[in-house]
Amino acid sequence: MPARTGQEYLRGLQAQEREIWLRGERVKDVTTHPGLAAGARSIAKLYDMQHDPALRAEMTYVSPTSGERVGLSFIVPRTREELERRRTMMLHWARTTCGMVGRSPDFMNVTYATWGAAADYFAQNRPEFGENVRRYYEYIREHDLTLTHSLINLQRSRTVSGTYNLQEGTALRVMRETDAGIVVRGARVLATLGPLSDEIAVYSPRLPQMTERHSPFAINFAIPTSTRGLRFLCRESFDLGRSHFDHPLGSRFEEMDAIVFFDDVLVPWERVFLLGDVELVNRTAMNTHSMAHTAHQGAAKNVAKCEFVLGVALLATETLGNAQLPHSEERLAELMLHTELMKACMRAAEADAQLDQWGVMCPATLPVEITRNLFMTAYPRMVEILQLLGSSSFMIIPSEADFESPLGPDVEQYLATDNTTARDRVKLFRLAWDIACSSFGSRQVLYERFFASDPLARARTLNAIYPKEELMERVRAFLSQADRGEG
Ligand SMILES: Cc1cc2nc3c(=O)[nH]c(=O)nc-3n(C[C@H](O)[C@H](O)[C@H](O)COP(=O)(O)OP(=O)(O)OC[C@H]3O[C@@H](n4cnc5c(N)ncnc54)[C@H](O)[C@@H]3O)c2cc1C
Numbered sequence: 001m002p003a004r005t006g007q008e009y010l011r012g013l014q015a016q017e018r019e020i021w022l023r024g025e026r027v028k029d030v031t032t033h034p035g036l037a038a039g040a041r042s043i044a045k046l047y048d049m050q051h052d053p054a055l056r057a058e059m060t061y062v063s064p065t066s067g068e069r070v071g072l073s074f075i076v077p078r079t080r081e082e083l084e085r086r087r088t089m090m091l092h093w094a095r096t097t098c099g100m101v102g103r104s105p106d107f108m109n110v111t112y113a114t115w116g117a118a119a120d121y122f123a124q125n126r127p128e129f130g131e132n133v134r135r136y137y138e139y140i141r142e143h144d145l146t147l148t149h150s151l152i153n154l155q156r157s158r159t160v161s162g163t164y165n166l167q168e169g170t171a172l173r174v175m176r177e178t179d180a181g182i183v184v185r186g187a188r189v190l191a192t193l194g195p196l197s198d199e200i201a202v203y204s205p206r207l208p209q210m211t212e213r214h215s216p217f218a219i220n221f222a223i224p225t226s227t228r229g230l231r232f233l234c235r236e237s238f239d240l241g242r243s244h245f246d247h248p249l250g251s252r253f254e255e256m257d258a259i260v261f262f263d264d265v266l267v268p269w270e271r272v273f274l275l276g277d278v279e280l281v282n283r284t285a286m287n288t289h290s291m292a293h294t295a296h297q298g299a300a301k302n303v304a305k306c307e308f309v310l311g312v313a314l315l316a317t318e319t320l321g322n323a324q325l326p327h328s329e330e331r332l333a334e335l336m337l338h339t340e341l342m343k344a345c346m347r348a349a350e351a352d353a354q355l356d357q358w359g360v361m362c363p364a365t366l367p368v369e370i371t372r373n374l375f376m377t378a379y380p381r382m383v384e385i386l387q388l389l390g391s392s393s394f395m396i397i398p399s400e401a402d403f404e405s406p407l408g409p410d411v412e413q414y415l416a417t418d419n420t421t422a423r424d425r426v427k428l429f430r431l432a433w434d435i436a437c438s439s440f441g442s443r444q445v446l447y448e449r450f451f452a453s454d455p456l457a458r459a460r461t462l463n464a465i466y467p468k469e470e471l472m473e474r475v476r477a478f479l480s481q482a483d484r485g486e487g
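Number 261 in our numbering belongs to position 261 of the sequence shown; there are no gaps in the numbering.
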């Protein structure tokens, strides 16, 4: 089956009867539910881009097995050019969503492309698991399926020392093995895009805390979101049913986050990719290099988001007439720095990419990881800058209805600036507000702080991969020069 259209994606969601709960009610059809439908339409638009004659060549490639054109984020890049092609494709999607849909389907497509190529990693102790992951990758590529993923266990208590406690009765674990598969029970967070996905992937990047060699908590599998016993509990929707004028982002890009409950869910054997093996589960992201590939997807999203926020800031200062003030320029320059740094790291990761042991062209680990680390603090700061530039203008945002009310003429007269009409000013600042002040915008900040795990874990990863010895050696050499009384 070739790359899907938006219609096919939406029909796929309708066809699977899933347990999605939102505000105390079971959602019958996510494609028509007022809190979820617009988000589903935005994802559908991404799929439609695969069929746009002007973009088709950049969005798809020829499947090595079926010969059909399939989504380019599924590609296993073998050359730097293929890595760059994949980035171009991901940037098209990210720019379409203004970088506001972090979990567009390419995130998981890239993960499984890496894992499919590195199937030997999964096969080390159980050869069948390698075959399972390779076949699953081909299956989702050929059916162009949408995946959510859930990595973190709910934590009942944080008093126990160590991060990510695995508490009996709460954390997801294997209850038993049967002829048909494994039965799992527990709760996981946080499945972004969960209600809008065909499948859910469950694995874990958290591994120093799993120290035994074999553990019922050490798992890696994927199942349809319609699997019996699986329940998604959504947070409140930030799509409040308002117009694109009033809520420009919330009315389009609600990707939704959900807690996932597993009530004795059967995972068929062919969908199990790792089981019990703490060592392999612990090292999956690092050793298969999926960590670098997902960061590459994240970098494309970050670039699109930086560009968009900077664009809004530039228009906001032009509208208010404060663009030339020295501290506006200082703040705009900081946004420019983040934007260009993000692009530079992404390019460096591609330029220094190398083939790994599976023949996959892997983005250079350090610069690509830095795009992820940096954005955890850069994005909140970018939002802060936007607030500093706009000040009370974030509150001078009457709704579309106010323009039609008896106060309309006052609004039109008094809210105009030297550079723009009242309507254009408000339209722009409602967008800036949806980035910097609304519930949609706050969630974006939280997302960037935490979606790639907690900042502590990322800092530790950076410490683990940074080539420290070379720098220390240089300082040692300098010190010994001084000991010898040189220079
Ligand atoms: C909007 C959003 C979307 C997300 N989407 C997904 C998704 O799609 N899939 C997915 O799997 N996950 C997702 N996540 C979850 C994300 O992986 C976690 O939020 C992240 O890993 C942090 O875990 P936690 O929330 O349980 O934080 P906690 O463990 O509660 O940590 C909270 C804070 O305490 C600190 N802390 C905790 N323990 C210690 C300690 N022992 N010592 C010092 N400091 C400590 C942490 O550094 C952190 O700052 C999402 C999160 C958000 C906010």
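Cβ coordinates follow ideal geometry from the N, Cα and C atoms, glycine included.
Source: prediction; values computed, not measured.
**OP:** Find out if the Cβ-Cβ distance for the pair L335, I385 is shorter than 7 Å.
**Re:** Residue numbering aside, residue 335 sits at position 335 when the sequence shown is read from its first letter. Residue numbering aside, residue 385 sits at position 385 when the sequence shown is read from its first letter. Yes; because the gap between Cβ atoms is below 7 Å, this pair is in contact.
Original post:
For P363, which of helix, strand or coil comes out of DSSP?
Top reply: Indexing the sequence shown from 1 puts residue 363 at position 363. DSSP places P363 in coil when its eight states are reduced to three.
Original post:
Can you give the beta carbon distance from T417 to T319, rounded, assuming they're within the 8 Å contact cut?
Top reply: As a first step, residue 417 must be located in the sequence shown, where it is residue number 417. As a first step, residue 319 must be located in the sequence shown, where it is residue number 319. Indeed, because the Cβ distance is near 6 Å, the residues count as touching under 8 Å.
**OP:** Could you check what DSSP says for D418 in three-state terms: helix, strand or coil?
**Re:** Residue 418 sits at position 418 when you count from the first residue of the sequence shown. Coil, per DSSP.
Subject >> Run of the alpha helix (DSSP H) containing Y61, from where it starts to where it stops >> reply: Here residue 61 refers to the residue found at position 61 of the sequence shown. Y61 -> not in any alpha helix (DSSP H); beta strand (DSSP E) instead, spanning T60 to V62.
**OP:** State yes or no: is the C-beta of D454 nearer than 6 Å to some heavy atom of ligand 1?
**Re:** For this step, residue 454 is matched to residue 454 along the sequence shown. Checking the Cβ of D454 against ligand 1 gives yes.
Original post:
On the premise that I396 lies in contact with L415, defined as a C-beta separation below 8 Å, what is that separation, rounded to the nearest angstrom?
Top reply: In the sequence shown, counting from the first residue as 1, residue 415 sits at position 415. In the sequence shown, counting from the first residue as 1, residue 396 sits at position 396. Contact flag correct, Cβ pair sits at about 6 Å.
Subject >> Cα-Cα separation, R26 to A349 >> reply: Taking the first residue of the sequence shown as position 1, residue 26 is located at position 26. Taking the first residue of the sequence shown as position 1, residue 349 is located at position 349. Roughly 44 Å separates the two Cα atoms.
Original post:
DSSP on W358, reduced to helix/strand/coil?
Top reply: Reading the sequence shown from its first residue, position 358 is the one you call residue 358. Looking at W358 - three-state DSSP - the assignment turns out to be coil, as it is neither helix nor strand.
Original post:
Between G194 and L172, is the Cβ-Cβ spacing less than 7 Å?
Top reply: As a working mapping, residue 194 is identified with position 194 in the sequence shown. As a working mapping, residue 172 is identified with position 172 in the sequence shown. No; because the gap between Cβ atoms is not below 7 Å, this pair is not in contact.
Subject >> Same chain, Cβ closer than 7 Å to N419, five either side skipped, listed in chain order >> reply: Sequence index remark: in the sequence shown, residue 419 carries index 419 (1-based). Excluding sequence neighbours, N419 sits near E318, T319 and G321.
Original post:
Can you tell which of I182, H327, P2 and L147 has its C-alpha closest to the C-alpha of G390?
Top reply: Stepping through the sequence shown from its first residue, residue 390 is reached at position 390. It is H327.
**OP:** Answer with buried or exposed for D277, where buried requires no fewer than 16 other C-beta atoms within 10 angstroms of its C-beta.
**Re:** For this step, residue 277 is matched to residue 277 along the sequence shown. Classification for D277: buried.
Original post:
Nearest-angstrom Cα distance between S438 and Y9?
Top reply: Position 438 of the sequence shown, counted from the start, is the residue given in the question as residue 438. Position 9 of the sequence shown, counted from the start, is the residue given in the question as residue 9. Looking at the two C-alpha atoms, the distance is approximately 29 Å.
**OP:** Please report the residue range of the beta strand (DSSP E) in which G181 lies.
**Re:** Residue 181 sits at position 181 when you count from the first residue of the sequence shown. Element bounds for G181: G181 to V189.
**OP:** Whole angstroms is fine: what's the gap from G441's alpha carbon to G485's?
**Re:** In the sequence shown, residue 441 corresponds to position 441, counting from 1. In the sequence shown, residue 485 corresponds to position 485, counting from 1. C-alpha separation (whole angstroms): 58 Å.
Original post:
Are L428 and L280 closer than 7 Å when you measure CB to CB?
Top reply: For this step, residue 428 is matched to residue 428 along the sequence shown. For this step, residue 280 is matched to residue 280 along the sequence shown. It is not a contact, given that the beta carbons lie outside the stated cut-off.
**OP:** Return yes when at least one heavy atom of ligand 1 lies under 6 Å from the C-beta of T5, else no.
**Re:** Along the sequence shown, read from residue 1 onward, the residue named residue 5 stands at position 5. Not under cutoff, so the answer is no.
Original post:
So which of I20, R41, R425 and Y139 has the shortest CA-CA distance to P2?
Top reply: Here residue 2 corresponds to residue number 2 of the sequence shown, with the count starting at 1. Measuring from the Cα of P2, the nearest candidate turns out to be Y139.
**OP:** Check whether the Cβ of D198 lies closer than 6 Å to any heavy atom of ligand 1, and answer yes or no.
**Re:** In the sequence shown, the residue the question calls residue 198 occupies position 198. No; taking the cut-off as 6 Å, the Cβ of D198 has no heavy atom of ligand 1 nearer than that.
**OP:** Give me whichever residues DSSP pairs with G71 in a beta bridge.
**Re:** The residue labelled residue 71 in the question sits at position 71 within the sequence shown. Paired residue(s): T60.
**OP:** Classify L344 as helix, strand or coil using the three-state DSSP reduction.
**Re:** Residue mapping note: residue 344 aligns to position 344 of the sequence shown, counting from 1. According to the sequence displayed, residue 344 carries Ala and not Leu. Helix, per DSSP.
Subject >> Per-residue burial, R372 [other beta carbons within 10 Å of its own, 16 or more giving buried] >> reply: Here the question's residue 372 lines up with position 372 in the sequence shown. Buried.
Original post:
Does the Cβ of I219 have 16 or more other Cβ atoms within 10 Å, making it buried, or fewer, making it exposed?
Top reply: Position 219 of the sequence shown, counted from the start, is the residue given in the question as residue 219. It is buried - the Cβ of I219 has at least 16 other Cβ atoms within 10 Å.
Subject >> Neighbour-count burial assignment, D263, 16 or more Cβ in a 10 Å radius >> reply: Start at 1 with the first residue of the sequence shown, and residue 263 comes out as number 263. It is exposed - the Cβ of D263 has fewer than 16 other Cβ atoms within 10 Å.
Original post:
Going by C-alpha distance, which of P216, N153, T225 and Q124 is nearest L147?
Top reply: Reading the sequence shown from its first residue, position 147 is the one you call residue 147. Residue T225 is the option with its Cα nearest to L147.
Original post:
Which first and last residues belong to the alpha helix (DSSP H) in which I140 is found?
Top reply: On the sequence shown, residue 140 is found 140 positions in, with the first residue counted as 1. Counting along the chain, the alpha helix (DSSP H) containing I140 begins and ends at P127 to H143.
Subject >> Local Cβ density within 10 Å of S42, reported as buried at 16 or more and exposed below that >> reply: Sequence index remark: in the sequence shown, residue 42 carries index 42 (1-based). S42 is buried by the Cβ-count criterion.
Original post:
Hey, out of D352, V426 and G359, whose CA is closest to T365's CA?
Top reply: To locate residue 365, count along the sequence shown from 1; it is residue 365. If we check each option's Cα against that of T365, D352 comes out closest.
**OP:** Can you check DSSP and say which residues form a bridge with F107?
**Re:** Numbered from its first residue, the sequence shown carries residue 107 at position 107. Bridge partners of F107: none, in fact.
Original post:
What residues match up with L233 in a beta bridge as DSSP calls it?
Top reply: On the sequence shown, position 233 is the one that residue 233 refers to. According to DSSP, which records beta bridges pairwise, L233 is partnered with W21 and I259.
Original post:
Taking the alpha-carbon positions, what's the Y379 to V445 distance?
Top reply: Position 379 of the sequence shown, counting from 1, holds the residue named residue 379. Position 445 of the sequence shown, counting from 1, holds the residue named residue 445. About 7 Å.
Original post:
Comparing alpha-carbon positions, which option in Q155, L230, L341 and G241 lies nearest E307?
Top reply: By 1-based counting over the sequence shown, the position of residue 307 is 307. Checked all of Q155, L230, L341 and G241; the closest Cα to E307 is L341.
Original post:
By Cβ distance, which residues of its chain are closer than 7 Å to E82, with the 5 residues on each side in sequence left out?
Top reply: In the sequence shown, counting from the first residue as 1, residue 82 sits at position 82. I75 and M361.
Original post:
Using CA coordinates, which residue listed in Q413, R347, I182 and H33 is at the minimum distance from E270?
Top reply: Position 270 of the sequence shown, counted from the start, is the residue given in the question as residue 270. The candidate whose alpha carbon is nearest that of E270 is I182.
Original post:
Taking the C-alpha atoms as reference points, what is the distance between D454 and L332?
Top reply: Indexing the sequence shown from 1 puts residue 454 at position 454. Indexing the sequence shown from 1 puts residue 332 at position 332. Distance between the alpha carbons of D454 and L332 is about 28 Å.
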